[in-house]
Amino acid sequence: MKALLFPLLLTTTLALSPRPKPPSDKCPPFSGDFIINYFQLYPENADWDPARCLLWIGCVWNATVATYSPYTHKTTVYEFPGTSHTGSVHIGGVAWDPYSPNLVTILTDSARPWDTAGADVSGEHKLIKWDAVRGKAVWEVDLTRTTGEKYGGFQDVETDRRGNTYVVGTWPGTVLRVDKTGKKVKEWYVPKPLPPTTERGIGGLAVVKGTEVLLASGPDGGLLRFDMTKELGRPVEIKIKNGRKYPLTDAAYLPDRYGGKVILVALGPDGIMVVKSDDGWKGAEYLGTVANRPVSGLEGGFVTAATQVGDAIYIVNGYWDIPWVPGTVAGNRTLFPWLDITADVDRLVWG
Ligand SMILES: *[C@@H]1O[C@H](CO)[C@@H](O)[C@H](O)[C@H]1NC(C)=O
Ligand SMILES: *[C@@H]1O[C@H](CO)[C@@H](O)[C@H](O)[C@H]1NC(C)=O
């Protein structure tokens, strides 16, 4: 039970730079665990939208997208015809765009690579640029036209200040770059020769806001750095002082709370890994791991992502429930816990 031991062993860290003020935005402060009560919400990835004070949630099994207000508890669900409720496609990656605050990026994601551990990478991968004000897509693009289904497992997205979108594939590790019109998809980082699709590569992406640094997590607890000004992505391994090996890294997140200096990497059963850099991610230091917290009656969750909500930091719990409710494409769960880990992460970062 690694997940239970780690926090006891690893909570002593150096006190680093002085505690910065969290960036002020117009969303009221928010804290404390909460539960979203919505049938088959099954979150995978999520992002905080400070322009609307809403959480955007990729509902993995239904392949829908939900918004949730922690202040009013209102949930709204968006469906995508041909994708949602098929069972063969998931929605994982969802990201608010800090450079175009009215846009949200949504990624649909074939279930096959995940069901076959990369042996079959065929199936739908659509990138959707969503207008959050008008509630409809600005454009969408089919990534399989570029990949030829030779690699896949796309699961996380990020944007840069030029309006490009970066999409990370895991089987094997790749990054596509889509221009701001959605018309040009570039194989920005596709290793040649291509490793076998069963080789699990990078899983999460995170842009250091206001810079040209793109970070990628995985496959084993490591971090890679890319320079987004380059025509082709070239990964540079970041040396992590006191780094740990983790077999199952998932989404990566750079909360505004720590000004782009702290990355939170989801570790499935092992919680959230906390890594800090004081030199623009040339180097980094492992600070510790925050374990998932069991919630009575809602056990069995896997940490799929961390996200900021208001100015607090939360663990996103995913669930792999079987069997599916007949006539639907997901299990019977209705209550989904969001756990406030702000104090744990603050303690690791600021001592
Ligand atoms: C999931 O789909 C079911 C119908 O199959 C629907 O009742 C439920 O509201 C959906 N939930 C979400 C979050 O999409
Ligand atoms: C949900 O499904 C599980 C597994 O089949 C079952 O044990 C449980 O009783 C169900 N819960 C509800 C509320 O139907």
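Residues -15 to -1, 1 to 336 in mature numbering (1 follows the signal peptide of the UniProt record, and there is no 0) are what the sequence shown lists, from first letter to last. The beta carbon of each residue, even a glycine, is placed where N, CA and C say it ideally should be.
Positions of the beta strand (DSSP E) runs, each at least 3 residues long and wholly inside the stretch 236 to 269, are given as 247 to 251 and 257 to 261 in order along the chain. As DSSP reads the structure, glycine 189 sits in a beta bridge with Ser202.
According to the DSSP secondary-structure assignment, arginine 119 is paired through a beta bridge with no residue. If you draw a straight line from the Cα of glutamate 109 to the Cα of isoleucine 76, it comes to about 11 Å. For valine 89, same chain residues with a beta-carbon under 6 Å away, outside a window of 5 residues either side, are Trp41, Trp81, Trp115 and Ala117 in chain order. For tryptophan 173, the enclosing beta strand (DSSP E) covers residues 170 to 174. Assignment of leucine 333 by DSSP, reduced to helix, strand and coil, places it in the helix class. Beta-bridge partners assigned by DSSP to threonine 144: Thr150. For tryptophan 81, the enclosing beta strand (DSSP E) has its first and last residue at 74 to 81. For proline 98, there is no enclosing beta strand (DSSP E); the residue is found in the alpha helix (DSSP H) stretching over 97 to 100.
The beta carbon of glutamine 293 lies closer than 8 Å to those of Trp33, Tyr238, Pro240, Asp241, Arg242 and Tyr299 in the same chain, with the five residues before and after it left out. The residue from Gly244, Ala297, Val330 and Phe65 with its alpha-carbon nearest to that of phenylalanine 19 is Ala297. Spatial neighbours of valine 198 in its own chain (CB-CB distance under 8 Å, excluding positions within 5 residues in sequence) are listed in chain order as Val192, Arg210, Phe211, Asp212, Met213, Gly265 and Trp266. Taking the Cβ atoms as the reference, alanine 290 lies roughly 5 Å from alanine 251, within the contact range of under 8 Å.
Going down the chain, each residue whose beta-carbon is closer than 5 Å to a heavy atom of ligand 1 shows up: Phe24, Gln25, Leu26, Cys44, Asn47, Thr49, Val62 and Thr313.
Contact between valine 170 and threonine 131 holds: their C-beta atoms lie close to 4 Å from each other, under 8 Å. For threonine 129, the enclosing alpha helix (DSSP H) begins and ends at 129 to 132. Taking C-alpha positions only, aspartate 94 is separated from valine 45 by approximately 9 Å. Out of Asn47, Arg37, Thr68 and Pro83, the CA that lies nearest to the CA of tyrosine 53 is found in Arg37.
Taking the CA atoms as reference points, alanine 104 sits about 22 Å from alanine 48. The Cβ neighbour count for tyrosine 231, taken over all protein chains shown within 10 Å, is at least 16; the residue is labelled buried. Closest option to tyrosine 304, judged by alpha-carbon separation, among Gly286, Lys59 and Lys177: Gly286. Around the beta carbon of leucine 179, fewer than 16 other beta carbons sit within 10 angstroms, so the residue counts as exposed. Classified as exposed, valine 310 has fewer than 16 neighbouring CB atoms from the shown chains inside 10 Å of its CB. If you compare the alpha carbons of Pro254, Ser281 and Ile225 with that of alanine 269, the shortest gap goes to Ile225.
For lysine 224, the enclosing beta strand (DSSP E) has its first and last residue at 221 to 226.
Taking 7 Å as the cut-off, one finds at least one heavy atom of ligand 2 near enough to the beta carbon of proline 308. The DSSP-derived three-state label of alanine 315 is coil. Only residues of its own chain outside the window of five on either side were considered, and among them Gly316 and Arg318 have a CB closer than 6 Å to the CB of aspartate 306, listed in chain order. Taking non-hydrogen atoms of ligand 2 into account, the C-beta of asparagine 317 is found less than 7 Å away from one of them.
Our two residues, isoleucine 187 and aspartate 127, have alpha carbons roughly 21 Å apart in a direct line.
Here DSSP, grouped into helix, strand and coil, assigns alanine 276 to coil. Residue pairing by DSSP places isoleucine 300 opposite Ala291 and Leu324 in a beta bridge.
Per the DSSP secondary-structure output, lysine 111 pairs in a beta bridge with Asp127.
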